Amino acid sequence: MWDFSIGQSVLIMMRTWPFIVFRMIVYFGITAAYIMATGTGASVGYGVGHISTDPDGPMSFALWGGVVGFGVVSIAVYWIREYILYVLKAGHIAVMVHLIDGHDVPDGQGQIAYAKEVVTQRFAEANILFVVDQLVKGAIRAITGLIGGIAAFLPIPGLSGIVSFMNTVIRLSLTYVDEIILGYNIRINSNSPFETARQGVVLYAQNGKHMVKNAVWLAVIMWGVSFVIFLLMLAPAAAILWVMPGQLAGWAFVLAIVFAWAFKAAFIEPFAIASLMQVYFEAIEGQAPNPEWDRRLAETSSKFRELRDKALGSFGGGSRWDAPRAA
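Following the working numbering, the numbering of the sequence shown begins with 3 at its first residue and continues without gaps.
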């Protein structure tokens, strides 16, 4: 089945409780912002709708007011994603890495200050981490095709539809690979984030089948838990929207998704990241990046080529592990 220890992942989450609390504040704060913005927009729209001569004006304007409020918060969340990545996710990963390797970390709120210092040493500015993160995400999309997707596991003829569906599942299961590569970057005390990210992606690719198997198991577990949370959140979401003006009952479905997303981001994501880092660090132990995989990724992914170019630039035009070129 899977190769990670659920008990160890839960223990890591318990030992990094300051970050779990931090995640709860951030993500449930975002959920509260969605509720307030949607309700305010609906209320304003409902009031404006009374000016309209259309008998359905208040209800219609309330609906569109809720849409506008929801959209405004979505835009705000999009713009603060860089800060969330730098301060929250990267810091949490830094502490997780040290715990997986058996190192001591500060207890209590000191963890957050400690982690911020570690991340700042690796990535002087948030935008550097953000660029690395985006390039890694783009490069990872090429790995599914290179390892053959589910066809490599189930080479059964006549099942093209099922294979296509399962390959989609595999692609969705690769959501947290960029966080795993970030953990690798922190683990080896790299001062060249682009080069280390390049190495990390290659190491992931050359262990792709092993990593994808575990990622799919984790995805199944996470989606199952998230679906249960979504069902549980439908009732409170409907209750909240019931007190708002206008025809917003249909938004209970959307709001339940937001609730489930907040719970997933606060609790389930750290579990998944801790689990995958266990598997990744064990799989790459003693390995060196394979230049052949580096070449294949560069041929397949423009994002990986961009990552490689930035890595080569950081070494003045040559990487420490480039394959020898023919004369």
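A virtual CB, placed ideally from N, CA and C, is assigned to each residue, including glycine. These numbers were taken from a predicted model, which means no experiment stands behind them.
Contact under 8 Å by Cβ, residue i with residue j
i       : j       : result
Ala-199 : Lys-305 : no
Phe-132 : Lys-312 : no
Trp-295 : Ala-237 : no
Gly-67  : Val-46  : yes
Met-235 : Ala-262 : yes
His-212 : Ala-285 : yes
Leu-137 : Glu-308 : yes
Ala-258 : Tyr-29  : no
Gln-289 : Leu-205 : yes
Asn-216 : Phe-6   : yes
Val-69  : Tyr-36  : no
Gln-113 : Val-120 : no
Leu-101 : Ile-14  : yes
Tyr-88  : Ala-128 : yes
Ala-144 : Leu-299 : yes
Ala-268 : Arg-25  : yes
Met-3   : Trp-219 : yes
Gly-71  : Thr-42  : yes
Leu-278 : Tyr-186 : no
Ala-221 : Ser-11  : no
Asp-180 : Asp-109 : no
Gln-201 : Pro-291 : yes
Where residue i sits in the DSSP three-state scheme
i       : result
Ser-304 : helix
Thr-18  : coil
Asp-5   : coil
Glu-287 : coil
Val-107 : coil
Gly-315 : helix
Glu-127 : coil
Ile-82  : coil
Thr-194 : Contrary to the premise, residue 194 reads as Ser rather than Thr in this sequence. If DSSP states are grouped into helix, strand and coil, Ser-194 belongs with coil.
Asn-187 : helix
Asn-216 : helix
Gly-43  : helix
Gln-10  : helix
Ala-267 : helix
Buried/exposed call for residue i, threshold 16 Cβ in 10 Å
i       : result
Tyr-282 : buried
Ile-183 : buried
Asn-193 : exposed
Met-98  : buried
Tyr-85  : exposed
Ile-32  : buried
Phe-229 : exposed
Glu-271 : buried
Thr-18  : buried
Ile-188 : buried
Val-214 : buried
Leu-233 : exposed
Val-203 : buried
Val-260 : buried
Asn-34  : This sequence places Ala at residue 34; Asn is not what is there. That one is exposed.
Arg-83  : exposed
Ala-115 : exposed
Proximity test, residue i beta-carbon vs the ligand MG heavy atom, cut-off 7 Å
i      : result
Val-69 : Among the components of this structure there are no ligands whatsoever, and the ligand MG is therefore not found.
message = With three or more beta-carbon pairs closer than 8 Å as the criterion, would you say the stretch 85–102 touches the stretch 117–124?
response = yes
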